[in-house]
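In this text, residue positions in the sequence shown follow the working numbering: the first is 13, and each later residue adds one.
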Amino acid sequence: IAHKHKIPLVIDNTFGTPYLIRPIEHGADIVVHSATKFIGGHGSSLGGVIVDSGKFDWVASGKFPQLTEPDPSYHGVRFVDAAGPAAYAIRIRAILLRDTGATLSPFNAFILLQGLETLSLRVERHVENTLKVVDFLTKHPKIESVNHPSLPSRADNALYNKYFPKGAGSIFTFEIKGGTQEAQKFIDSLEIFS
Numbered sequence: 013i014a015h016k017h018k019i020p021l022v023i024d025n026t027f028g029t030p031y032l033i034r035p036i037e038h039g040a041d042i043v044v045h046s047a048t049k050f051i052g053g054h055g056s057s058l059g060g061v062i063v064d065s066g067k068f069d070w071v072a073s074g075k076f077p078q079l080t081e082p083d084p085s086y087h088g089v090r091f092v093d094a095a096g097p098a099a100y101a102i103r104i105r106a107i108l109l110r111d112t113g114a115t116l117s118p119f120n121a122f123i124l125l126q127g128l129e130t131l132s133l134r135v136e137r138h139v140e141n142t143l144k145v146v147d148f149l150t151k152h153p154k155i156e157s158v159n160h161p162s163l164p165s166r167a168d169n170a171l172y173n174k175y176f177p178k179g180a181g182s183i184f185t186f187e188i189k190g191g192t193q194e195a196q197k198f199i200d201s202l203e204i205f206s
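Okay, structure coming up:
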């Protein structure tokens, strides 16, 4: 749909993680991650990642003058001429980082890299545990419904099987029978577990 309208397909892969799915291999042009979540794994550092496939034709699109026209704030450079397929990524570095100062400290980068080393192990365990919890909840008499793409009853289950052979991550939702009152009772009874 995005390419039909000459815009890049941008995917937030924070929950998918690079371990479970690589959206660029499936046609995405740009992938973003909140590295604070699964990539870092410890919640001890703020950060994000932008991955540009370099495949989107910014000139043919005709919709992104900030990349195709001279930028007066950067000596009149046309990013598509100066950086070619990396125009988007280079403009982010040259303009966005300059204007906002949003850059990682060396220590935070180190912390995120430490988390990246164990990403596959942690995500495998997340998936394994999630499937057990989802299975438990689907059989529980006080649960109305469970939402996770691994469930065969889901309309998107075929897509799950096609794109997520290692599992679809640990995010799921469920609905408690009995409405708001029962849901509030459940929430008030929760304790931290790990």
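Even for Gly, the Cβ is constructed at its ideal location relative to N, Cα and C. As the structure is a computational prediction, the values presented were derived from the model and not from experiment.
query = Taking the C-alpha atoms as reference points, what is the distance between residue 16 and residue 196?
reply = The residue given as residue 16 occupies position 4 in the sequence shown. The residue given as residue 196 occupies position 184 in the sequence shown. Rounded to whole angstroms, residue 16 to residue 196 spans 45 Å at the Cα level.
task = Compute the distance between the beta-carbons of residue 187 and residue 158, then report whether it is under 9 Å.
result = Within the sequence shown, the letter at position 175 stands for residue 187. Within the sequence shown, the letter at position 146 stands for residue 158. Going by C-beta atoms, residue 187 is nearer than 9 Å to residue 158.
query = CB residue 79 to CB residue 178, shorter than 9 Å?
reply = Taking the sequence shown and counting its residues from 1, one reaches residue 79 at position 67. Taking the sequence shown and counting its residues from 1, one reaches residue 178 at position 166. Annotated as distal: residue 79 and residue 178, with beta-carbon spacing of 9 Å or more.
task = May I have the straight-line CA-CA distance separating residue 105 from residue 61, to the nearest angstrom?
result = Indexing the sequence shown from 1 puts residue 105 at position 93. Indexing the sequence shown from 1 puts residue 61 at position 49. Each residue's alpha carbon lies about 12 Å from the other.
query = Are the beta-carbon atoms belonging to residue 165 and residue 143 less than 9 Å from one another?
reply = Numbered from its first residue, the sequence shown carries residue 165 at position 153. Numbered from its first residue, the sequence shown carries residue 143 at position 131. Between residue 165 and residue 143, the CB-CB gap reaches or exceeds 9 Å.
request  = Kindly provide the ranges of any beta strand (DSSP E) runs that are 3 or more residues long and lie completely inside the region 125 to 164, ordered along the chain.
outcome  = Counting only runs of 3 or more residues that sit fully inside the region 125 to 164, the beta strand (DSSP E) segments are 155 to 159, in chain order.
request  = Report yes if the C-beta distance between residue 40 and residue 51 is below 9 Å; otherwise report no.
outcome  = Reading the sequence shown from its first residue, position 28 is the one you call residue 40. Reading the sequence shown from its first residue, position 39 is the one you call residue 51. No.
message = What would DSSP say about residue 203, mapped onto helix, strand or coil?
response = Reading the sequence shown from its first residue, position 191 is the one you call residue 203. Under the three-state reduction of DSSP, residue 203 is assigned to coil, being neither helix nor strand.
ask   = Which whole-angstrom value describes the C-beta separation of residue 131 and residue 29, a residue pair presumed to lie in contact below a C-beta threshold of 8 Å?
value = Counted from its first residue, the sequence shown places residue 131 at position 119. Counted from its first residue, the sequence shown places residue 29 at position 17. That belief holds up - the Cβ atoms of residue 131 and residue 29 are roughly 6 Å apart, short of 8 Å.
ask   = Do you know whose CA, among 202, 137, 189, 175, lies nearest residue 182's CA?
value = By 1-based counting over the sequence shown, the position of residue 182 is 170. Of the residues 202, 137, 189, 175, the one whose Cα lies closest to the Cα of residue 182 is 137.
message = Given a cut-off of 9 Å on the beta-carbon distance, is the pair residue 42 and residue 68 in contact?
response = Here residue 42 refers to the residue found at position 30 of the sequence shown. Here residue 68 refers to the residue found at position 56 of the sequence shown. Less than 9 Å divides the Cβ of residue 42 from the Cβ of residue 68.
ask   = According to DSSP, what are the bridge partners of residue 42?
value = Here residue 42 refers to the residue found at position 30 when the sequence shown is read from its first residue. Answer is 22, 64, bridged to residue 42.
inquiry  = Give me the DSSP bridge partner(s) of residue 186.
reply    = The sequence position of residue 186 within the sequence shown is 174, counting from 1. Bridge pairing for residue 186: 158 [DSSP].
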